[in-house]
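So for the sequence shown, the UniProt record's numbering puts the first residue at 1; every next one is plus one. In what follows, a single structure is set out as structure tokens and then discussed.
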Amino acid sequence: MKWVRRLGLIIGLGAGLLWLVFGVTISVGIRMFPLLLEGFIVGAAVIISSLVAWRWHIPGAVLLLLEGITPFFLLFIMARGYPLFASVAAGMTLVSGILFLVGVERFPNDRSSDARGSIPLKLS
Numbered sequence: 001m002k003w004v005r006r007l008g009l010i011i012g013l014g015a016g017l018l019w020l021v022f023g024v025t026i027s028v029g030i031r032m033f034p035l036l037l038e039g040f041i042v043g044a045a046v047i048i049s050s051l052v053a054w055r056w057h058i059p060g061a062v063l064l065l066l067e068g069i070t071p072f073f074l075l076f077i078m079a080r081g082y083p084l085f086a087s088v089a090a091g092m093t094l095v096s097g098i099l100f101l102v103g104v105e106r107f108p109n110d111r112s113s114d115a116r117g118s119i120p121l122k123l124s
């Protein structure tokens, strides 16, 4: 399941970069500089959450899901003609969060199958 988490990381980082591009494009295109700040804040939060999810799966995945849902509704209401771009970025964020949840190992801290330093248990 490691490949699922890698895919989640790649999509999450891509979504963060897309949020950054979204902020720059909107602010330069319609000269609304508050959207630049919002795009950078959401993009930075998605990138940080992707890196958190790579290390701590469930908290980071929940953050990604929240970051995918909340900005989608806010930008869909406020973006005035740019909801498609916002929904693509939010959708990528949601997919990344779902992939991290799917890629969670059942017992990530269980080292009983690890051959290093394990002592075989005799039942007789």
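Glycine included, every Cβ here is placed at the ideal spot set by N, Cα and C.
Is Trp3 helix, strand or coil by DSSP?
Position 3 of the sequence shown holds residue 3. Looking at Trp3 - three-state DSSP - the assignment turns out to be helix.
From Leu64 to Leu18, what distance separates their C-alpha atoms?
If you number the sequence shown from 1, residue 64 lands on position 64. If you number the sequence shown from 1, residue 18 lands on position 18. When rounded, the distance between both Cα atoms is 14 Å.
Can you check which of these residues, Ile11, Trp56, Val4, Val24, is closest to Ala90 by C-alpha distance?
Counted from its first residue, the sequence shown places residue 90 at position 90. Nearest C-alpha to Ala90: Ile11.
Tell me which same chain residues have a C-beta within less than 6 Å of the C-beta of Leu101, skipping the five on either side of it?
Numbered from its first residue, the sequence shown carries residue 101 at position 101. The residues are Ala61.
Within 10 Å of its beta-carbon, does Ala44 have 16 or more other beta-carbons around it, so buried, or fewer, so exposed?
For the purposes of this step, residue 44 is taken as the residue at position 44 of the sequence shown. Under this definition Ala44 is an exposed residue.
Short of 7 Å in beta carbon distance, which residues of its chain neighbour Gly14, apart from the five on each side in sequence? Order them along the chain.
Residue numbering aside, residue 14 sits at position 14 when the sequence shown is read from its first letter. Excluding sequence neighbours, Gly14 sits near Met92.
Express the C-alpha separation of Glu67 and Ile58 in angstroms, rounding to a whole number.
Working through the sequence shown from its first residue, we reach residue 58 at position 58. Working through the sequence shown from its first residue, we reach residue 67 at position 67. C-alpha separation (whole angstroms): 14 Å.
Which residues in the same chain as Leu99 place their Cβ atom closer than 6 Å to its Cβ, once the five residues preceding and following it in sequence are excluded?
Along the sequence shown, read from residue 1 onward, the residue named residue 99 stands at position 99. For Leu99, where only same-chain residues beyond five positions count, the Cβ hits under 6 Å are Val4, Leu7, Gly8.
Helix, strand or coil for Trp56? Go by DSSP, reduced to three states.
As a first step, residue 56 must be located in the sequence shown, where it is residue number 56. Three-state DSSP puts Trp56 in coil, outside helix and strand.
Looking at the structure shown, is Gly103 part of a helix, part of a strand, or coil, going by DSSP?
For the purposes of this step, residue 103 is taken as residue 103 along the sequence shown, with counting starting at 1. In this structure, Gly103 counts as coil in the three-state DSSP scheme.
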